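Numbering (our numbering), first residue to last: 131 to 372. Just so it is clear, CB atoms sit at the ideal spot from N, CA and C, and this is done for glycine as well. The structure presented is a predicted model; accordingly, all values stated were derived computationally and were not measured. Accompanying notes for the structure given below.
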Ligand SMILES: Nc1ncnc2c1ncn2[C@@H]1O[C@H](COP(=O)(O)OP(=O)(O)OP(=O)(O)O)[C@@H](O)[C@H]1O
Ligand SMILES: [Mg+2]
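Set out below in structure tokens:
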């Protein structure tokens with residue numbers, strides 16, 4: 131990899147939707163191996179930032195790179211480095227669980243034999259194996275969430291991006307996902323997670339950035355950020371886990 135220490139680099143990123151400025155001069159870095167929480171209230175700009183990082187959204191100003199590969203100009207290399215577990219379900223309605231996973235691997239040049247093995251491994255881990263041959267619409271909400279995560283992991287990306295991964299999950303599922311993320315991180319993967327659950331950020335992450343109304347208002351070590359009294363107004367808008 132071109133730059134082995136900085137997994138995600140965002141410099142002076144500004145993004146408009148029409149006339150609305152969704153991201154205003156956002157700059158930050160995520161180090162290799164970090165477990166990074168991107169915390170902010172509804173509408174703060176978290177998903178927009180993720181869409182830019184993963185190449186789903188264009189932007190007007192700034193520079194975004196993954197391990198030194200520019201997401202606009204070196205898009206083939208940068209896409210390979212990242213797996214996205216999106217906030218919303220965005221599956222092809224005609225595919226079964228297994229097909230969804232194997233086709234995803236195909237985008238990264240993984241041949242069917244290996245893709246099927248990887249799909250089995252992930253479906254076993256996330257308790258989807260019994261549903262392997264059903265169409266995704268026959269899954270429950272929590273199962274769809276697990277399928278999103280499996281799909282993001284199919285090509286074993288260096289950087290895993292999770293947009294509210296446990297929203298709507300029951301307690302058991304939350305812990306299953308959290309424990310797996312901790313394991314992946316301990317194996318060296320860089321994890322970038324958005325949430326508005328303070329507890330999720332506190333339990334899992336090493337570094338926290340707070341975004342509000344399209345601007346980064348704080349970034350640093352988890353303890354320092356969560357102790358920052360000047361952020362109380364923003365914290366009030368965030369959610370505790372039920
Ligand atoms: N496609 C779009 N077109 C126009 N405006 C958009 C679009 N997507 C997002 N926005 C606006 O950009 C702002 C940031 O939205 P974004 O989805 O990034 O927020 P978020 O931090 O992910 O919020 P949430 O916690 O609710 O998921 C919001 O005001 C939203 O209405
Ligand atoms: Mg969002």
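Report task. Within the same chain, show all residues whose beta-carbon is closer than 6 Å to that of residue 335, passing over the 5 residues directly before and after it, in chain order. Result -> 165, 167, 352
Query raised in the report: Whose C-alpha, out of 292, 338, 346, 249, is nearest the C-alpha of residue 229?
Result: If we check each option's Cα against that of residue 229, 249 comes out closest.
Query raised in the report: Using the beta carbon as the reference atom, which residues fall closer than 6 Å to any heavy atom of ligand 1, ordered along the chain?
Result: 147, 150, 152, 170, 172, 173, 174, 175, 176, 177, 178, 217, 326
Query raised in the report: In whole angstroms, what is the alpha-carbon distance linking residue 200 and residue 192?
Result: 11 Å
Report task. Could you check which residue in 189, 266, 232 has the C-alpha nearest to that of residue 146? Result -> 189
Query raised in the report: How is the alpha helix (DSSP H) around residue 245 delimited, first residue to last?
Result: 242–255
Report task. Return the CA-CA distance between residue 372 and residue 303, expressed in angstroms with no decimal places. Result -> Note on residue 372: pLDDT 41, under 50, position unreliable in the model; the coordinate value appears next. Those two C-alpha atoms are separated by around 14 Å.
Query raised in the report: What whole-angstrom Cβ distance do residue 341 and residue 212 have, given they're in contact under 8 Å?
Result: The Cβ separation is near 19 Å, so there is no contact.
Report task. Tell me whether residue 237 is buried or exposed, calling it buried when 16 or more other Cβ atoms sit within 10 Å of its Cβ. Result -> exposed
**Report entry** C-beta contact flag for residue 194 and residue 143 at 9 Å
**Finding:** Between residue 194 and residue 143, the C-beta gap is smaller than 9 Å, which places the two residues in contact.
Query - CA nearest to the CA of residue 346, picked from 137, 162, 176, 322 - result: 176
Report task. Answer yes or no: do residue 255 and residue 310 have a C-beta to C-beta separation smaller than 9 Å? Result -> yes
Query raised in the report: Can you list, in chain order, the residues of its chain whose CB lies under 6 Å from that of residue 159, leaving out five sequence neighbours each side?
Result: 136, 139
Requested in this report: Mind checking which residues open and close the alpha helix (DSSP H) that includes residue 280?
Outcome: It spans 271–283 - the alpha helix (DSSP H) in which residue 280 sits, taken as one unbroken run.
Query raised in the report: What is the DSSP secondary structure of residue 354, counted as helix, strand or coil?
Result: helix
Query raised in the report: Taking just the CA atoms, how far does residue 362 sit from residue 295?
Result: Taking the straight line from one Cα to the other gives about 25 Å.
Query raised in the report: With a CB to CB cut of under 7 Å and the five nearest residues on each side skipped, what residues in its chain are close to residue 132?
Result: 197, 198, 199
Requested in this report: Leaving aside the five residues before and after residue 365 along the sequence, list all residues of the same chain whose C-beta is less than 6 Å from its C-beta, in chain order.
Outcome: none
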